[in-house]
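Novice: Taking my numbering, the leading residue of the sequence shown gets 14, the next gets one more, and so forth.
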Amino acid sequence: MTVYPLPASDLKGEGMTSQRARDRLMTSLKESGIRDARVIDVMRSVPRHHFIDQALHSRAYENTALPIGHGQTISQPWVVARMTEVLIEFGVPQRVLEIGTGSGYQAAVLAGLVPQLYTVERIEELLRQARRRFRQLGLANVRTRHDDGKLGWVDEAPFDAIMLTAAGDTVPTRILDQLTPTGVLVAPVGSPSKQTLIRMRGDGNGDFIQEELGPVSFVPLLGGIG
Ligand code: SAH
């Protein structure tokens with residue numbers, strides 16, 4: 014597991030971005046049903062405030078989604094935890110693709126748990142900021158790509174797991190084609206007003222077992238690059 018360095022100001026353990034604030038959030042995630050200790054441990058170590066604008070730092074360890082510019086949001090911590098735990102439930106996948114880098118927070122959480130994390134974002138400016146954050150945190154196992162994530166990442170496929178962090182009507186077939194035969198995919202699916210988190214697992218014979226894991230609210234999966 015990766016242990017992220019804390020800025021000097023945090024080491025005193027004071028203020029809204031302190032380790033104590035992070036610990037409180039982890040207690041609340043556990044109380045609201047997050048069971049996987051590996052996920053809690055890695056989220057305890059990732060500085061979420063590092064992934065949002067300074068003006069919002071005081072809210073970094075609240076259990077809410079927050080704006081990151083360009084009409085996009087950093088996901089709610091509970092949703093990040095839940096999606097991560099259902100992705101790794103059957104074993105830690107080796108090579109994982111995330112579609113929708115956004116702030117880079119979900120990618121950093123995954124990168125603390127899996128050997129190789131690939132992430133695709135269509136908005137260049139968001140990706141530029143996320144790359145800088147990965148560098149500053151010394152995350153050496155993250156590879157990024159500026160592209161339309163509906164295409165997946167053909168050159169690096171197949172992946173043992175794929176996570177979409179933006180919602181489409183369905184999961185594009187081209188993305189499913191980039192999963193290993195027993196791979197796991199987690200994605201929000203549905204219309205802007207009614208989305209469901211789904212998990213699909215390859216059965217090894219070209220079919221998928223699909224489960225619905227409850228309502229969620231994500232920004233839309235768009236086409237093309239921005
Ligand atoms: N995982 C992010 C969540 C960001 S919100 C985080 O932890 O902050 C979802 C992101 O998906 C947005 O940044 C949006 O630009 C991006 N997105 C939407 N459609 C996309 C597509 N087709 N390809 C790549 N990224 C996409």
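Glycine residues also receive a C-beta, built at the ideal position from the N, C-alpha and C atoms. If you're wondering where the values come from, they're calculated on a predicted model, not measured in any experiment.
Any heavy atom of the ligand SAH closer than 6 Å to the Cβ of T183?
Specialist: As a working mapping, residue 183 is identified with position 170 in the sequence shown. Checking the Cβ of T183 against the ligand SAH gives no.
Novice: Beta-carbon within less than 7 Å of E27's beta-carbon, same chain only, minus the 5 sequence neighbours each way: which residues are those?
Specialist: The residue labelled residue 27 in the question sits at position 14 within the sequence shown. Annotation note: pLDDT 49 at E27 (below 50); position unreliable, no value reported.
Novice: Using a 10 Å radius around the Cβ and a threshold of 16 neighbouring Cβ atoms, would you call T5 buried or exposed?
Specialist: Summary: the structure shown does not reach residue 5, with the chain confined to residues 14 through 239, and so no result is reported for it.
Novice: Is D49 near the ligand SAH - that is, is its Cβ less than 6 Å away from at least one heavy atom of it?
Specialist: Position 36 of the sequence shown, counted from the start, is the residue given in the question as residue 49. Checking the Cβ of D49 against the ligand SAH gives no.
Novice: Buried or exposed: which applies to V184, given that a residue is buried once 16 or more other Cβ atoms fall within 10 Å of its Cβ?
Specialist: Residue 184 sits at position 171 when you count from the first residue of the sequence shown. So V184 ends up on the buried side.
Novice: Which residues does DSSP list as the beta-bridge partners of M213?
Specialist: Your numbering for residue 213 matches position 200 in the sequence shown. L198 and Q223.
Novice: Give the C-beta separation of T132 and V155 to the nearest angstrom, bearing in mind that I take them to be a contact with Cβ-Cβ under 8 Å.
Specialist: Along the sequence shown, read from residue 1 onward, the residue named residue 132 stands at position 119. Along the sequence shown, read from residue 1 onward, the residue named residue 155 stands at position 142. Confirmed, Cβ separation roughly 7 Å.
Novice: If you follow the alpha helix (DSSP H) that R75 is in, where does it begin and where does it stop?
Specialist: Taking the sequence shown and counting its residues from 1, one reaches residue 75 at position 62. For the sequence presented, residue 75 should be read as Glu rather than Arg. Careful: E75 lies outside any alpha helix (DSSP H) and carries neither H nor E.
Novice: Return yes when the C-beta of D161 is under 6 Å from any heavy atom of the ligand SAH, and no when it is not.
Specialist: On the sequence shown, position 148 is the one that residue 161 refers to. Because some heavy atom of the ligand SAH lies under 6 Å away, the Cβ of D161 counts as near it: yes.
Novice: What are the boundary residues of the beta strand (DSSP E) that includes T114?
Specialist: Within the sequence shown, numbered from 1, the residue matching residue 114 stands at position 101. Premise fails: T114 is in no beta strand (DSSP E) and is neither H nor E.
Novice: Quick one: Cα of D220 to Cα of P171, how far?
Specialist: Indexing the sequence shown from 1 puts residue 220 at position 207. Indexing the sequence shown from 1 puts residue 171 at position 158. The alpha-carbon atoms of D220 and P171 are separated by roughly 16 Å.
Novice: Between the stretch 118-133 and the stretch 31-47, do at least 3 Cβ pairs fall closer than 8 Å?
Specialist: Touching, no, given that fewer than three Cβ pairs across the two stretches are closer than 8 Å.
Novice: Cα separation between V232 and E44?
Specialist: Position 219 of the sequence shown, counted from the first residue, corresponds to residue 232. Position 31 of the sequence shown, counted from the first residue, corresponds to residue 44. Their backbone Cα atoms lie some 26 Å apart in a straight line.
Novice: According to DSSP, is F231 part of a helix, a strand, or is it coil?
Specialist: For the purposes of this step, residue 231 is identified with residue 218 of the sequence shown, where counting begins at 1. Of the three classes helix, strand and coil, the one that applies to F231 here is coil, per DSSP.
Novice: What I want to know is whether the C-beta of G113 ends up closer than 6 Å to one or more non-hydrogen atoms of the ligand SAH.
Specialist: In the sequence shown, the residue the question calls residue 113 occupies position 100. Yes, the beta carbon of G113 sits closer than 6 Å to at least one heavy atom of the ligand SAH.
Novice: Roughly how many whole angstroms lie between the Cα atoms of R57 and M39?
Specialist: As a position in the sequence shown, residue 57 is number 44, starting the count at 1. As a position in the sequence shown, residue 39 is number 26, starting the count at 1. So the alpha carbons of these two residues sit roughly 7 Å apart.
Novice: Assign D173 to one of two classes, buried (16 or more other C-beta atoms within 10 Å of its C-beta) or exposed (fewer than that).
Specialist: Looking up residue 173 in the sequence shown gives position 160. Its Cβ being crowded by 16 or more others within 10 Å, D173 is buried.
Novice: When every heavy atom of the ligand SAH is checked, does at least one fall within less than 6 Å of the C-beta of I175?
Specialist: Walking along the sequence shown from the start, residue 175 turns up at place 162. No, since every heavy atom of the ligand SAH falls outside the 6 Å radius drawn around the Cβ of I175.
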